[in-house]
Amino acid sequence: MKAFIFDMDGTILNSMACWYSIGNRILKMNGLDEELPPSSLERLTLYQGMVMIKEVYKIEKSVEELEREVYEYIYGQYRNYFTLKEGTIELFDYIKENGGRIGLATATDMKYVKGFLENQKGIEKYFDFIETVKNEGPTKNEPEFFLKAVKNFVERPEKVFMFEDAPHAMEAAKKAGMIVVGIIEDTRKDLRDLAIEISDYHFESIVDIDRSIFGF
Numbered sequence: 003m004k005a006f007i008f009d010m011d012g013t014i015l016n017s018m019a020c021w022y023s024i025g026n027r028i029l030k031m032n033g034l035d036e037e038l039p040p041s042s043l044e045r046l047t048l049y050q051g052m053v054m055i056k057e058v059y060k061i062e063k064s065v066e067e068l069e070r071e072v073y074e075y076i077y078g079q080y081r082n083y084f085t086l087k088e089g090t091i092e093l094f095d096y097i098k099e100n101g102g103r104i105g106l107a108t109a110t111d112m113k114y115v116k117g118f119l120e121n122q123k124g125i126e127k128y129f130d131f132i133e134t135v136k137n138e139g140p141t142k143n144e145p146e147f148f149l150k151a152v153k154n155f156v157e158r159p160e161k162v163f164m165f166e167d168a169p170h171a172m173e174a175a176k177k178a179g180m181i182v183v184g185i186i187e188d189t190r191k192d193l194r195d196l197a198i199e200i201s202d203y204h205f206e207s208i209v210d211i212d213r214s215i216f217g218f
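Each residue of the sequence shown is one higher than the one before, counting from 3 in the working numbering.
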C-alpha cells in the first residue's frame, strides 16, 4: 500500500503570510517597535518562538500569556480565512481512489489544526492520522519526528512520500529515509535553491505534481 504524508502550512494550506508576520505582531502587541528577520522563527514551533521573543526582547509576560494574546487571532485565521491550495482535494481523491493512505504531519499546535479541520469541512476523512509537534517532543528539524509519523503506517520510511515546503523539514525527512517531494510555491525565495537540492522531486505547486512518481 502506498503511503503519503503532507505538511500543512505552506504545502496544502495558504497560511504562511500569517506565520511570517506573527513575531512582529507579538512585538507590537507588547509596545515594541521592532521587526524580526523573516528567518528568525523559521525552525521554531510557536511555543519555542514565544520563548525566544520573551528572552531576546526582555518581555515580562510569561510565555503562556504571550500565547494567549495571539491565540484568538491565529485560531481565527485557521477557522475562518486560510484556504486549501488549489488541487489539494483532487490529489487526495486520486491517492484514496488508488488505495493510498494519507497522513498530516505539522509543527502547528493541535488546537490550531482543529480550526483548520472545522474550516475545511470533510477534509478530516482523508487523513489516516494527524501528527503534531509537542512542546517537549522532537521537532520537524529532527528525523525522529518523521520516523514517529511513519510508524502510523507500519511502513518503512523509504516507501513513504513526504510533501514539504520548508528545507529544514525536508532535510530531516530525508535523513529519516523518506521520499521527499518539495512543494516550493511558498518557500522563501532565498531558500528555494536549497529546497530543490534537498528534495527527491520538486514542483512549484500541488497542481504541478507529476502523479506518475507515485507508482500506482
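Positions of the beta carbon are idealized from the N, C-alpha and C atoms, including for glycine.
Beta carbon of residue i nearer than 8 Å to that of residue j
i    : j    : result
G105 : F155 : yes
N32  : I61  : yes
N121 : Y80  : yes
I97  : C20  : no
I185 : F205 : yes
T141 : V115 : no
F218 : K4   : yes
T108 : I208 : no
D167 : D188 : yes
E92  : Y59  : no
Pairwise C-alpha distance: residue j and residue i
i    : j    : result
V152 : F131 : 10 Å
I14  : K87  : 5 Å
F222 : A197 : Because the chain here runs from 3 to 218, residue 222 falls outside it and cannot be looked at.
V162 : L34  : 44 Å
K56  : S23  : 16 Å
G78  : G117 : 7 Å
D202 : E160 : 12 Å
L149 : K30  : 38 Å
A178 : G124 : 31 Å
F84  : M18  : 9 Å
A174 : I28  : 29 Å
L38  : R213 : 39 Å
F216 : E157 : 15 Å
D195 : E44  : 17 Å
L119 : E126 : 6 Å
Y49  : E99  : 38 Å
P169 : S42  : 15 Å
V65  : G139 : 18 Å
Bounding residues of the beta strand (DSSP E) (the contiguous stretch that carries residue i)
i    : result
T108 : R103 to T108
I7   : A5 to F8
F216 : Neither: F216 is in no beta strand (DSSP E) and is coded neither H nor E.
Residue i beta carbon near the ligand GTP (any heavy atom closer than 7 Å)
i    : result
E173 : Of the ligands one can find in the structure shown there are none, so the ligand GTP has no counterpart to examine.
Where the alpha helix (DSSP H) containing residue i begins and where it ends
i    : result
K30  : M18 to M31
R190 : Taken as a continuous stretch (DSSP letters only), R190 belongs to no alpha helix (DSSP H), as it is neither H nor E.
Whole-Å CB distance - residue i paired with residue j, under 8 Å assumed
i    : j    : result
E69  : M54  : In fact, because the Cβ distance is near 13 Å, the residues do not count as touching under 8 Å.
M10  : T110 : 6 Å
F94  : Y128 : 5 Å
I211 : K176 : With a Cβ gap of about 18 Å, I211 and K176 do not count as contacting.
Self-check item: Entirely enclosed alpha helix (DSSP H) segments - the stretch 119–187, minimum 4 residues
Solution: 145–152 and 169–177
Exercise for the section: Just list the alpha helix (DSSP H) runs in the stretch 53–97, keeping only unbroken ones of 4 residues or longer that don't cross its boundaries, in chain order. Expected result: 65–78
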